[in-house]
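Each protein sequence line maps, in turn, to chains G and P. When you read off a place in the first sequence, starting at 1, and then add 459, the result is the number in the working numbering. When you read off a place in the second sequence, starting at 1, and then add 8, the result is the number in the working numbering. Ideal Cβ positions, reconstructed from N, Cα and C, are used throughout, including at glycine. This report concerns only the one structure given below.
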Amino acid sequence: EAGVAQSPRYKIIEKRQSVAFWCNPISGHATLYWYQQILGQGPKLLIQFQNNGVVDDSQLPKDRFSAERLKGVDSTLKIQPAKLEDSAVYLCASSPSSGRGNTEAFFGQGTRLTVV
Amino acid sequence: AQSVTQLGSHVSVSEGALVLLRCNYSSSVPPYLFWYVQYPNQGLQLLLKYTTGATLVKGINGFEAEFKKSETSFHLTKPSAHMSDAAEYFCAVTLLGKLQFGAGTQVVVTP
Chain G
460 EAGVAQSPRY KIIEKRQSVA FWCNPISGHA TLYWYQQILG QGPKLLIQFQ NNGVVDDSQL
520 PKDRFSAERL KGVDSTLKIQ PAKLEDSAVY LCASSPSSGR GNTEAFFGQG TRLTVV
Chain P
9 AQSVTQLGSH VSVSEGALVL LRCNYSSSVP PYLFWYVQYP NQGLQLLLKY TTGATLVKGI
69 NGFEAEFKKS ETSFHLTKPS AHMSDAAEYF CAVTLLGKLQ FGAGTQVVVT P
């Protein structure tokens, strides 16, 4: 079974530029998560989808971050414009759960973003 | 409010010694609890989980954890550390369907 795929693995941009990350979850997984992991910290949930609907985006900085999940499968996370403090690893995860959260999340390898 | 607290951001253990990583959670309802491991430049991998049933949970690579409701804890242990256990470990809890992580504990194993 293929795992969660993310691209690109690494990205370096200048502040105020825009960037997009792509995630292909495990086939059939209804739940998709985007996390931001700043160096030395635990992953912080940015947005959670259940199929193609948003379950939670309370910690997503909506003035600069946006995310969508096309047809309940692939997802894209965008930052526009980027700030220095956005430098982090962006992790995508998926889960077969129905939304109760009792099943594990499977993680991709992440995209390391450096904003200079 | 902090949902998951991991005590100790860094732990150093000798090869062959006991590994003990502490995790406490705050929840008014029984949560689902997880431990994940992250190796350098990798995503997170599930070690073990507690959902219902037996409170002592066994995971991969010889790790186990015990859910103690009275102490709101889910500490991770391994009887004998191996060099390959050097990694960062995250405790996580699902509350209202949201998976939230602690700050992590970096484990260093010395020969």
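Under the three-state DSSP convention, the category residue i falls into
i	result
Asp515 of chain G	strand
Ile68 of chain P	helix
Ser17 of chain P	coil
Ser78 of chain P	helix
Leu498 of chain G	coil
Lys530 of chain G	helix
Ser525 of chain G	strand
Ser477 of chain G	coil
Ser466 of chain G	strand
Ser88 of chain P	coil
C-alpha gap between residue i and residue j, whole angstroms
i	j	result
Ala95 of chain P	Lys542 of chain G	29 Å
Gln509 of chain G	Tyr494 of chain G	15 Å
Pro515 of chain G	Gly105 of chain P	Going by the sequence as given, residue 515 of chain G is Asp instead of Pro. Each residue's Cα considered, the two are about 9 Å apart.
Tyr469 of chain G	Gln568 of chain G	11 Å
Phe565 of chain G	Asn49 of chain P	16 Å
Phe524 of chain G	Ser88 of chain P	44 Å
Thr59 of chain P	Gly512 of chain G	25 Å
Arg30 of chain P	Gly16 of chain P	8 Å
Lys521 of chain G	Ala479 of chain G	15 Å
N- and C-terminal bounds of the beta strand (DSSP E) containing residue i
i	result
Tyr33 of chain P	27 to 33
Ser554 of chain G	547 to 554
Asn561 of chain G	It is not in any beta strand (DSSP E) - Asn561 of chain G carries neither H nor E in the DSSP assignment.
Thr118 of chain P	113 to 118
Lys57 of chain P	52 to 58
Lys470 of chain G	469 to 472
Glu96 of chain P	95 to 103
Ser36 of chain P	No beta strand (DSSP E) contains Ser36 of chain P, which DSSP labels as neither H nor E.
Ala489 of chain G	First-last for Ala489 of chain G: undefined, no H or E at that position.
Lys106 of chain P	106 to 109
Ile506 of chain G	503 to 509
Thr573 of chain G	570 to 574
Gln539 of chain G	Looking at the DSSP string, Gln539 of chain G is not in any beta strand (DSSP E), and its letter there is neither H nor E.
Buried or exposed by the 16-neighbour rule on C-beta atoms within 10 Å, applied to residue i
i	result
Pro38 of chain P	exposed
His488 of chain G	buried
Arg528 of chain G	buried
Lys57 of chain P	buried
Glu23 of chain P	exposed
Ser14 of chain P	For clarity, residue 14 of chain P is Gln in the given sequence; the question names Ser instead. The residue in question, Gln14 of chain P, is buried, as its Cβ has 16 or more Cβ neighbours within 10 Å.
His18 of chain P	exposed
Gln496 of chain G	buried
Pro484 of chain G	buried
Contact check, residue i vs residue j, beta carbons under 8 Å
i	j	result
Gly67 of chain P	Leu55 of chain P	yes
Leu550 of chain G	Pro502 of chain G	yes
Leu491 of chain G	Leu505 of chain G	no
Val12 of chain P	Ala100 of chain P	yes
Thr102 of chain P	Leu26 of chain P	no
Val574 of chain G	Asp545 of chain G	yes
Ser554 of chain G	Glu563 of chain G	yes
Phe98 of chain P	Leu41 of chain P	no
Thr207 of chain P	Phe71 of chain P	Residue 207 of chain P lies beyond the range of chain P shown here (9 to 119); nothing can be said about it.
Ser517 of chain G	Cys482 of chain G	no
Lys537 of chain G	Ser477 of chain G	yes
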